[in-house]
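Asker:
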Amino acid sequence: MLDLLLKNGFVADPAHAIGSMLNLGVKNGRIVRITSDVLSAKEEIDCSGCIVCPGFVDAHSHEDDMHDGRIDADITLRALRQGVTTLVTGNCGDAPRDFPAYRTAYDGKQPINMALLAGHTTIRRLSGAKDKYAPVDEATLAAMCETLERQLTEGARGLSMGIRYEPGMTLHEMCAMAAVVKRFNGVVAAHVRGDAFEIYDAIEEFLEIGRRTGVKLQISHIGSMAAYGQMAEVLSYVDRRAAEEGLDVRIDCYPYDAFCTSIGATTYDDGFLERYHDVTRIELTDGENKGFIPNMEVFQKVRREHPEYLTVAHVMNGEEVDMALTHPRTMLGSDGILLNGAGHPRAAGAFARFLKEYVFERRLLSLNEGIAKTTCEAAARFGLDRGTLGIGSVADVTVFDPARLQDRATFTEPGLAPTGVELVLLGGVPVLRHGEVLRTDLGKIL
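Shown next, in the form of structure tokens:
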């Protein structure tokens, strides 16, 4: 007898070209039946009117920090409430310093699964490079490559680079690290060196890493990099270079026209207004000046006194974000990052917002395309045994009601959970039902 039966739902599994009314049977944590037959199980859940799909896989997020050997679930809980069952984290160069310690703190104590990337900036610091504006010497680079190889052996799925945040990186340094990743068949994901009118040189530099090493590339949050009048040209250029040179390039993006980063980041080094034009379109998510910044005097004061505070910059072109998200190379990544529980609504609303707006309301994508961008494409890219409902697959499953699906997180209240996520299974066990979190101890590092 089955342990669990999800019946009468519309099963959508793009990885296996499944899209019809079927019953899905689970036993011992895995999917064992997908059929129109009447089945019996210890527990049956009626999914009438709902879509049954693989648990969502977030192609780009940031892990919850570890303090004194403990991880406070914040981003992971917000992700679960959206139907996300796996996060790809450690992005933009910032990842755990000690992978085994993080795994010990995570496994069996967190609500969803996580796949980690090694962080280039983190490894730089571990190897003694303290100045983000300076290149490293050969001895330091050798130590960095050794640390990276250890972390890949410990389970990292690739390497993330925050090139914008660590401008002292040279192409030589990046290629040396990428060559290590190539040996492990991993992915190099990057917040590239420049945005807006600087994006062209930044993309060319990043593609050069692929040319020299053959490593798989991932351009991080393309919306925040090129949605200032450059998106069409950038996407066309990436397509041409990939086709003509055989480069393996994918992209992630979130469905908002505002980005989020700390006010002390190099993003806001001298000259940033040449790209974003107006400081009053930037808001602080924390502190006594929370809200839109009134002038440069306040901006400079907060940047000097609280460089860790997060900002949300409402400076991107929404139509170009649409262009990115509907492009075949692009997968959904929330880029969820928080400080003191505050931040951008994308950490709590990206997946519901994307499916509601792009698939069901505006119909810019088919259901199959939308589900693929939120499940199997990211899983395949990072070598994860998730993102599919195939027979024998781990039963990470999300069930949502398309009529009720709605993101509720706003820039004023960024933590509000969406509506319409009816059921989430992790390894065949219900961990969320009708929006209520049931279990928070089944997640693990994949």
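Taking the numbering used here, the leading residue of the sequence shown gets 168, the next gets one more, and so forth. Cβ atoms here follow ideal geometry from the backbone N, Cα and C, with glycine treated the same way.
#1: Could you tell me the alpha carbon to alpha carbon distance between L283 and V469, rounded to whole angstroms?
#2: How about the region 499-517 and the region 234-247: do they share at least three Cβ pairs that are nearer than 8 Å?
#3: Quick one: is A491 buried, meaning 16 or more other Cβ sit within 10 Å of its Cβ, or exposed?
#4: By a C-beta neighbour count over all protein chains shown, 10 Å radius and 16 as the cutoff for buried, is G250 buried or exposed?
#5: Helix, strand or coil: how does DSSP classify I290 here?
#6: Alpha carbon to alpha carbon, how far is K523 from A539?
#7: With DSSP as the reference, please indicate the residues paired to M233 in a beta bridge.
#8: Is the region 319-337 touching the region 356-367 in the sense that three or more CB pairs, one from each, lie closer than 8 Å?
#9: Count the other C-beta atoms from every protein chain shown that fall within 10 angstroms of the C-beta of F364, then say buried if there are 16 or more, exposed otherwise.
#10: Can you tell me which of the three DSSP states A409 falls into?
#11: What's the C-alpha gap between L605 and I212?
#12: Look up F549 in the DSSP assignment and say whether it is helix, strand or coil.
#13: How about I376 and M392: are their beta carbons less than 8 Å apart?
#14: Assuming G610 contacts N195 under a Cβ cut-off of 8 Å, what Cβ separation, rounded to an integer in Å, is found between them?
#15: Would you tell me roughly how many angstroms separate the C-alpha atoms of S228 and M336, rounded to the nearest one?
#16: So, under 8 Å CB-CB, L556 and I198 are touching, yes? Tell me the CB distance rounded to an integer number of Å.
#17: Rounded to whole angstroms, what is the Cα-Cα separation between M188 and T542?
#18: Would G186 pass as a contact of L534 if the rule is Cβ separation under 8 Å?
#19: Is there at least one Cβ from chain B nearer than 8 Å to R496's Cβ?
#20: Just to check my reading of the structure: G222 and T256 have Cβ atoms closer than 8 Å, yes? What is that Cβ distance to the nearest angstrom?
#21: Does DSSP put C259 in a helix, a strand or coil?
#22: As an exercise, report each continuous beta strand (DSSP E) stretch of at least 3 residues that is fully enclosed by the region 412-483, in chain order.
#23: Name the residue from L532, L172, G176 and D225 whose alpha carbon lies nearest to the alpha carbon of A517.
#24: In terms of residues, what are the limits of the beta strand (DSSP E) holding C614?
Answerer: This is what the structure gives:
#1: 32 Å
#2: yes
#3: buried
#4: buried
#5: helix
#6: 15 Å
#7: I238
#8: yes
#9: exposed
#10: helix
#11: 15 Å
#12: coil
#13: no
#14: 19 Å between Cβ atoms; not a contact.
#15: 22 Å
#16: 6 Å
#17: 19 Å
#18: yes
#19: Note that chain B does not occur in the displayed structure, where there is just one protein chain.
#20: About 16 Å separates the two Cβ atoms, so there is no contact after all.
#21: coil
#22: 416-420, 426-429, 449-451 and 477-480
#23: D225
#24: What the structure shows of the chain is the stretch from 168 to 613, and residue 614 is not part of that stretch, so it cannot be assessed.
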